[in-house]
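Note sheet for the following structure.
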Amino acid sequence: MTVKLLCWNMEWMNDLFDGDGNFHADDHKPQHSRSTTVLERRKDLSGVIDELQPEIIVIIEGQNRTKELQLFFDEDVTGTWETYIQATKGSTQCIGIAIRTDTDKFDDQNPIINYNTVNNVVFDDFQLDNENDGIIEIYKYERKPLYSEVKLKNGERFRILGLHLKSKGIFDLLEWGKWWEKSISNRRKIFASAVHLRTDFIEPYLTNDDTKNIPLIVCGDVNDGPGYDVSEKKILGSGIEKLMGDIWKPQFILGNAIYDTEQKLDVSTTRFADPIFNFNYNYHYVWLDHILYSKNRLGWTSNGQIIKKMQNGNIWSEYPHASDHQPVSVDITLESD
558 MTVKLLCWNM EWMNDLFDGD GNFHADDHKP QHSRSTTVLE RRKDLSGVID
608 ELQPEIIVII EGQNRTKELQ LFFDEDVTGT WETYIQATKG STQCIGIAIR
658 TDTDKFDDQN PIINYNTVNN VVFDDFQLDN ENDGIIEIYK YERKPLYSEV
708 KLKNGERFRI LGLHLKSKGI FDLLEWGKWW EKSISNRRKI FASAVHLRTD
758 FIEPYLTNDD TKNIPLIVCG DVNDGPGYDV SEKKILGSGI EKLMGDIWKP
808 QFILGNAIYD TEQKLDVSTT RFADPIFNFN YNYHYVWLDH ILYSKNRLGW
858 TSNGQIIKKM QNGNIWSEYP HASDHQPVSV DITLESD
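The following block contains the structure:
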């Protein structure tokens, strides 16, 4: 049985809703995208989903209440969906999941189990000597990870860890030295989270008798791509590469579904304007959104894609009000013995 999983940073979905959890008026201008309207964003977001027809969606930058995500899928998206938001206290960008239950591909009674990571000590604030200098620092997850188990109609199951790690973006005017200081600090936070996820969640998951045989997807906006940028060279660390694993522990390495398809590193899922030399639309194209998978089952993921082409043209032309990130997807095939 095969299902398509879509992972998408849907860009400030919370802006579509008022304080009571209802949609803002159609002509309301969202706080973080003043050049569009709530109705235009709703139409483009749902248009992408309806055209791609995934059975599972991991939502990055989702709302902060499940009822808001459910309202969006009930009102705007074709099909019957069950949704969940992993809330984080004080955050208006949360991680969510939606599964389409009218496809006859999921278990009738318990298609999905969502584990509230607020109650999981693994995702509490943590301490780490991130610079290997004997100084212990305290870090936290600004957005609590999503952790869910999906059960298919045939009895097979797999789990999903959805992530949105610290942004690298610097949006304030800073003196040059302060800018570099903050840039390096942001990358230290991403790297610290990746180290902690690897040592306290991923490797224990792949060794614990209760979970080691359950396939695992780790996906989301990691805010990091392959290799070292200038700031990462200073800390000698890459968040995504730490998440994927250590070559000296090959049994714990996660595959990268997008790389499996592309077989190259110079791909992108979003772009941003150069913060200094922003003239003539000088953009940086970066790969921040990833779908990683465990190797405890052979051949269970395929067709990893960065969605750029839609039926009638490029996604950013056909759905210009949807998001500043392209969705990424993978096909998941699990057959009972």
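For the sequence shown, position 232 (counting from the first letter as 1) is numbered 789 according to my numbering, and the numbering increases by one without interruption. Glycine is no exception: its CB is placed at the ideal position from the N, C-alpha and C atoms. Predicted model only: the values in this text are computed from it and were never measured.
Beta carbon of residue i nearer than 9 Å to that of residue j
i           : j           : result
residue 643 : residue 671 : yes
residue 845 : residue 752 : no
residue 878 : residue 601 : yes
residue 714 : residue 891 : yes
residue 748 : residue 794 : yes
residue 708 : residue 668 : yes
residue 885 : residue 862 : yes
residue 621 : residue 603 : no
residue 578 : residue 646 : no
residue 569 : residue 589 : yes
residue 781 : residue 827 : no
residue 674 : residue 680 : yes
residue 562 : residue 887 : yes
residue 763 : residue 809 : yes
residue 796 : residue 722 : yes
residue 662 : residue 560 : yes
residue 618 : residue 567 : yes
residue 703 : residue 759 : no
residue 637 : residue 659 : yes
residue 605 : residue 872 : yes
residue 664 : residue 712 : yes
residue 609 : residue 889 : no
Simplified DSSP assignment, three categories, for residue i
i           : result
residue 693 : coil
residue 866 : strand
residue 644 : coil
residue 604 : helix
residue 874 : helix
residue 752 : helix
residue 698 : coil
residue 634 : coil
residue 716 : strand
residue 771 : coil
residue 892 : coil
residue 568 : coil
residue 746 : helix
residue 625 : helix
residue 676 : helix
residue 639 : strand
residue 657 : strand
residue 760 : helix
residue 722 : coil
residue 706 : strand
residue 595 : helix
Exposed unless 16 or more other CB atoms sit within 10 angstroms - verdict on residue i
i           : result
residue 815 : buried
residue 591 : exposed
residue 840 : exposed
residue 857 : buried
residue 632 : exposed
residue 842 : exposed
residue 678 : exposed
residue 717 : buried
residue 822 : exposed
residue 799 : buried
residue 883 : buried
residue 695 : exposed
residue 765 : exposed
residue 802 : buried
residue 750 : buried
residue 813 : buried
residue 806 : exposed
beta-carbon residue i near the ligand SAM non-hydrogen atom, thresh 8 Å
i           : result
residue 597 : Summarising the ligand content, the structure contains no ligands, and the ligand SAM is consequently not present.
Given 8 Å, three or more beta-carbon pairs between the region 848–865 and the region 767–774: yes
Cβ contact check for the region 651–659 and the region 608–620: 3 or more pairs under 8 Å: yes
4 or more residues per run - each alpha helix (DSSP H) lying fully within the region 793–857: 796–801, 814–819
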